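Numbering that gives the first Met the number 0 puts the first residue of the sequence shown at 0, with every later residue one more than the last.
No residue lacks a Cβ here, since even glycine has one placed at the ideal position from N, Cα and C.
Since the model is a prediction, treat every value here as computed from it, not as a measurement.
One structure is given below, encoded as structure tokens.
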Amino acid sequence: MTDFDKKICEAFSGVVVRKDLVKEVKGNAIVPTYVLEYLLGQYCATSDEESIRTGIESVKNILRDHYVHRNEAGLIRSTIKEKGRHKVIDKISVSLNDKVDVYEATFSNLGISKVLVPAETIKNHPKLLVNGIWCIAALEYMPSEDKNQCPWVLESLKPIQLSHFDRELYLEARKQFSTEEWIDLLIQSMGFNPEMFGARNKLFQLMRLIPYCERNYNLMELGPKGTGKSHIYSEFSPHGILLSGGEVTIPKLFVNNSNGKLGLVGYWDAIAFDEFAGKQKKPQKSLVDIMKNYMANKSFSRGVETLSAEASMIFVGNTQHSVPYMLKNSDLFDELPKEYHDSAFLDRIHFYIPGWEVDIIRGEMFSNGYGFVVDYLAEILRAFRDDDRSADYKDFFTLDASISTRDRDAIQKTMSGLMKIIFPNNDASKEEIAQLLTFAVEGRKRVKDQIMRFDHTYSKPIFQYADNEGKKYSVKTLEETEYPQYYFMSNDAEDEVATETAVEKVLQQTIVNTTGCTEKETETLLEGNVTFQENCKGVSFDKLLVPYLKGAKSISIIDPYLRNYWQIRNLMELLEGLIKIKAVDKEITIDVITMPDDFGHEKQLDFFEQMIASVMPAGIHLNYRFDETIHDREIVTDTGWKIILGRGLDIFQNYDGNNTFALQNSLQEYRSCKSFGITYIRIQQ
């Protein structure tokens, strides 16, 4: 166990579990994660390895003896008949048989129906009436001479979910963790390794939790396949439901006018529409109209009666085109069906998660550390639905007056959700609130900017906020920074656009020109500072560093962190860039100074020796030495340039280095960046 895992186990004893155990016990059982972790929480909520092994065997035995596989349903039914009584784990749904005035249960995998259910059970667990829930049920077989009477008798039924949550203990334990540690604990609880995510990507993961803790929150996420968009809504919580296919009827979602039966919005905290995108889909216009009203007013009409509900709506779908293609030819809502590609509907969306920024899930991204049993976290989030934290930022900041009421509400609901999740004790600093407020504003700005591309009736707000001293903070989306030449085009624009990339634009507009050259003289190297936002793409050493190293015969590189494979690989890629621009009859001497790796120094030495042998035939003389006292990160050339590297060469986020065909492996421009800055200084030669 790591020290962090030990801290988690001590602070939340009994409600945390090692996250890799789920795969170990699941086998071929098609059962949600929260069901498995419920069982693991009963038997494996400990850090003692022997107890974990014993607990795993117990859970496996329970699944083997009581979980109902469809292909073994006949055997289980026979077991119940022969034994007289047997417990099963199955998804159970209940309906009212109004002809005989009784409630009847259907067991999904076991394949039996019309099992009588006491009215008191329905009163305690009303979700049984809507799509069903996973339960542990004790069944008896009692045949009767009456052929119309069901022989199956439900003795007891227990939904698989946490029965108790101590709010005060949770809040007290939260105080033991720093903000960064707490976010990492939440990411581990979702099943991911926090070391594989940047700060911005961690927030995107936490955004997926807001519909569980914030009433009537409307979230949309469109992006490439395989980023885990729907996983959190199908596996994470017994209070959420995932509707596959993205299509649903009015009676199922809202209310059935023929029998007055309330739909899904009356029973679930979060309703996610999977595969929501797809231009070929033809949803009912009447459904879209009701959804508009519900998403805006939390209510819907049933004849002359108006009903209210608090279910949050989540819309997830896949995109087919790249971001610059969508920006140039349509908008970031391009993949939605025509009926949903409507400004009135989209204006109800509180936050748009840019799925193209979220990494495709890979095996190494899953966690083997400790995190909350997901059902415990689900109950935490549900308990906070009654809280309103939307005004917490107002102690420090004020939104711009041009921001409309609907935009303001969206920003505040996002802030409320993030504060509940990350700062349940309301102890965030001004800087931490500023970070979350910027993130919340950006998510709503992405929605509004795209709507205004095809609906020009909306007035353009200024998405910024000010602190109590009057200092203003302007907010931009990452797409706006990366693709300014396309971002502000309207869908009907016919003007030619510039082909300048975001990186070139930043280099031209942000760097302070102190050499007397104009910004148009792109061949002239400029002094100054450039900064790049996390998840920005289009960045490469060939654009940022190599032009400043051209013509140098001697280069010094100081970077304390050239230890791990990917860090050494970054250095090799910089050398490859130099080789591409170097005349074949010229030679360059490069001196590298770094810190020794205390735990893998031999491998570190081997990496450097391999590089020396590799680049020598290309005219690169590579020298290296170790210095345990260095801290700064910089490159100095004999041509008079000093480049201060904020993060050293380690500017790229984790990517799939094992995939031979991934563009990120060979083209740096397709990698997502960490947040970093570079300063260029002309020094005396």
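In the DSSP output, what is residue i paired with across the bridge?
i	result
GLU103	SER94, LEU115
GLU139	ARG84, VAL152
ASN528	THR678
SER300	THR305
LYS640	A quick correction: the sequence has Trp, not Lys, at residue 640. Per DSSP, ARG681.
ARG17	TYR369
SER473	GLN463
CYS134	ASP89, PRO158
PHE487	DSSP, once it has assigned bridges, lists no residue as partnering PHE487.
Tell me which residue opens and which closes the beta strand (DSSP E) that residue i is part of.
i	result
PHE314	311-317
MET219	217-222
LEU128	Element bounds for LEU128: n/a, residue is neither H nor E.
ARG173	Counting along the chain, ARG173 falls outside any beta strand (DSSP E), though it belongs to the alpha helix (DSSP H) covering 166-173.
THR588	587-593
GLY463	Sequence inspection shows Gln at residue 463; the Gly mentioned does not correspond to that position. 463-466 is the span of the beta strand (DSSP E), which, as asked, contains GLN463.
LYS22	From DSSP, LYS22 is part of no beta strand (DSSP E) but of the alpha helix (DSSP H) over 20-25.
ASN622	619-625
SER458	Where SER458 is concerned, there is no enclosing beta strand (DSSP E), given that its DSSP letter is neither H nor E.
SER553	553-557
LYS673	That residue, LYS673, is in no beta strand (DSSP E); it is neither H nor E in DSSP.
I believe residue i touches residue j by the beta-carbon criterion, under 8 Å. Please report the beta-carbon distance rounded to the nearest angstrom.
i	j	result
GLU334	PRO282	Not a contact, Cβ separation roughly 14 Å.
TYR33	GLU234	7 Å
GLY197	LYS673	6 Å
ALA44	VAL372	7 Å
TRP355	THR318	7 Å
ARG562	ASP596	4 Å
SER229	LEU221	Going by Cβ atoms, the distance from SER229 to LEU221 rounds to 12 Å, so no, they are not a contact pair.
LEU208	LEU380	6 Å
THR1	GLY368	7 Å
ALA269	TYR211	5 Å
ARG443	HIS349	7 Å
TYR102	ILE121	5 Å
TYR66	ILE88	5 Å
GLU526	TYR679	5 Å
VAL93	LEU127	4 Å
Between the options, which has its C-alpha nearest residue i's C-alpha?
i	options	result
GLU180	ILE421, ARG646, PRO460	ILE421
TRP640	ALA617, ARG646, LEU524	LEU524
LYS278	PHE540, GLU213, ARG452, GLY316	GLY316
LEU570	LEU208, VAL152, SER555	SER555
ASN200	ALA271, LEU435, TYR623	LEU435
GLU479	GLN449, GLY469, ARG568, LYS585	GLN449
VAL440	MET414, PRO150, ARG214	MET414
GLN463	HIS455, ALA433, TYR486, VAL264	ALA433
ASP637	SER665, VAL583, SER112, TYR547	TYR547
ASP466	TYR392, TRP133, ILE159, LYS536	TYR392
ALA343	VAL152, GLU304, LYS251, TYR457	TYR457
GLY469	ASN424, ASP399, THR404	ASP399
PHE203	MET189, ARG214, ASN215	MET189
LYS25	VAL58, LYS5, GLU430	VAL58
LYS585	MET610, GLN566, ALA617	ALA617
LEU138	SER77, GLU144, ASN192	SER77
LEU168	PRO423, LEU345, GLU154, SER473	PRO423
GLN411	SER389, LYS419, ASP394	SER389
MET594	GLN603, THR588, ILE587	GLN603
ILE61	LYS86, LYS82, ARG69, SER50	LYS86
GLU378	VAL14, LYS5, GLN663	VAL14
ARG17	ASP47, MET615, ASN27	ASP47
By the DSSP assignment, the alpha helix (DSSP H) with residue i in it spans what residues?
i	result
LYS291	284-296
ARG568	564-580
THR480	477-481
HIS600	600-614
VAL306	Going by the sequence as given, residue 306 is Leu instead of Val. LEU306 -> not in any alpha helix (DSSP H); beta strand (DSSP E) instead, spanning 304-307.
ARG207	Segment: none, ARG207 is in no alpha helix (DSSP H) and carries neither H nor E.
VAL545	545-548
ASP2	2-10
LEU185	178-188
GLN663	662-665
In chain order, which continuous runs of the beta strand (DSSP E) of length 3 or greater are located wholly inside the segment 321-398? 350-353, 369-371, 396-398
What residue ranges within the segment 230-282 form continuous alpha helix (DSSP H) runs of no fewer than 4 residues, ordered along the chain? If we require 4 residues or more, the alpha helix (DSSP H) runs fully inside the segment 230-282 come out as 230-234, 249-252.
For the segment 41-81, list the alpha helix (DSSP H) runs that are entirely contained and at least 4 residues long, ordered along the chain. Taking 4 residues as the shortest admissible run, the segment 41-81 contains the following complete alpha helix (DSSP H) segments, listed from N- to C-terminal end: 48-65.
Going along the chain, which unbroken runs of the alpha helix (DSSP H) with 4 or more residues stay wholly within the segment 393-437? Complete alpha helix (DSSP H) runs here, min 4: 404-421.
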